[in-house]
Amino acid sequence: MKNNKISGFQWAMTIFVFFVITMALSIMLRDFQSIIGVKHFIFEVTDLAPLIAAIICILVFKYKKVQLAGLKFSISLKVIERLLLALILPLIILIIGMYSFNT
Numbered sequence: 016m017k018n019n020k021i022s023g024f025q026w027a028m029t030i031f032v033f034f035v036i037t038m039a040l041s042i043m044l045r046d047f048q049s050i051i052g053v054k055h056f057i058f059e060v061t062d063l064a065p066l067i068a069a070i071i072c073i074l075v076f077k078y079k080k081v082q083l084a085g086l087k088f089s090i091s092l093k094v095i096e097r098l099l100l101a102l103i104l105p106l107i108i109l110i111i112g113m114y115s116f117n118t
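In our numbering, the protein residues as written are 16 to 118.
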């Protein structure tokens, strides 16, 4: 069986899609808080957004079994660099978007 490694760009895009879906779901689920009738301090529906986003990402990216089989988890400088890029780039895009829409 041929194992292909997942490129850093694919990992970054997967994490970016997860963040975007999570942010969009938290905004959408905030409107449904009053419908379910549970107080905010007891249970907030927006807490379900990361779980739903994870399920959506698993369903969307579930056909990458060949690539995931060859995945090796190791900590190196390149892995840390990619993780930082995957976390910082969506935040920079969000900040630029928020600034441009507020002015």
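All C-beta atoms in this analysis are idealised placements derived from N, C-alpha and C, irrespective of residue type, glycine included. Keep in mind that this is a model prediction, so the values were computed, not measured.
Rounded to the nearest whole angstrom, the C-alpha separation of residue 66 and residue 72 is 10 Å. The beta carbon of residue 102 lies closer than 8 Å to those of 30 in the same chain, with the five residues before and after it left out.
Between the alpha carbons of residue 60 and residue 45 lies a distance of about 7 Å. The alpha-carbon separation between residue 34 and residue 105 amounts to approximately 7 Å. If one requires a minimum length of 4 residues, the alpha helix (DSSP H) runs lying completely within the region 21-80 are 23-46, 48-51 and 64-75, in chain order.
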